[in-house]
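In this note's numbering, the protein residues as written are 475 to 638.
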């Protein structure tokens, strides 16, 4: 189904204007919906457009998330000076590098074999994460504080929504 430019612009205007008038719960739900829609768009690109069934592309979201978390900790401890608004780009780049390395091996196969290679890589990440404490924090995980940037604290759900 094709949408007109006017319809898309109206939807974007609603997504920009309406959230300040919603409660925190709705804003949080919209943040999660935006993240899920990005994930679904990536899966649609792989399966719908490319015909490649991937079982492991969520691992690269995790790689990006942990890269952002480590950068946040570096900024928090004074080891790096990166604006908070650029952290999602750094996470995307980390996921890209890891995905390109894994994709090199996965795309040597096609069909069912491609799906099995992606499943094996996903299980590798799943198995390594609890044991690689320096990178993933072990079973306790990692945490960091939200850092202010450009006058924004990213403490409110609305600020996180606009960052998303």
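By construction, the Cβ of each residue, glycine as well, lies at the ideal position given by its N, Cα and C atoms. Owing to the predicted nature of the structure, the values given are computational and were not obtained by experimental measurement.
| Check | Outcome |
| --- | --- |
| Closest by C-alpha distance to residue 639, when choosing among 585, 534, 590 | There is no way to answer for residue 639, as the model of the chain reaches only from 475 to 638. |
| Whether residue 564 touches residue 541 by CB criterion (8 Å) | yes |
| DSSP state of residue 444 mapped onto helix, strand, coil | The chain is shown only over 475 to 638; residue 444 falls outside these bounds and no answer can be derived. |
| Residue 604 versus residue 481 - alpha carbon distance | 45 Å |
| Contact the segment 518-530 vs the segment 545-556: 3+ CB pairs below 8 Å | no |
| Residue span of the alpha helix (DSSP H) that contains residue 574, given as start and end | 561-580 |
| Which of helix, strand or coil DSSP assigns to residue 599 | helix |
| For residue 521, the three-state DSSP class (helix, strand or coil) | helix |
| Pair within 8 Å by beta-carbon distance, residue 538 and residue 568 | yes |
| Of the listed residues 546, 517, 566, 631, nearest to residue 592 (C-alpha basis) | 517 |
| Endpoints, the alpha helix (DSSP H) within which residue 536 is located | 531-550 |
| Backbone CA spacing between residue 521 and residue 509 [nearest angstrom] | 18 Å |
| When 483, 544, 504 are compared against residue 608, the one with the closest alpha-carbon | 544 |
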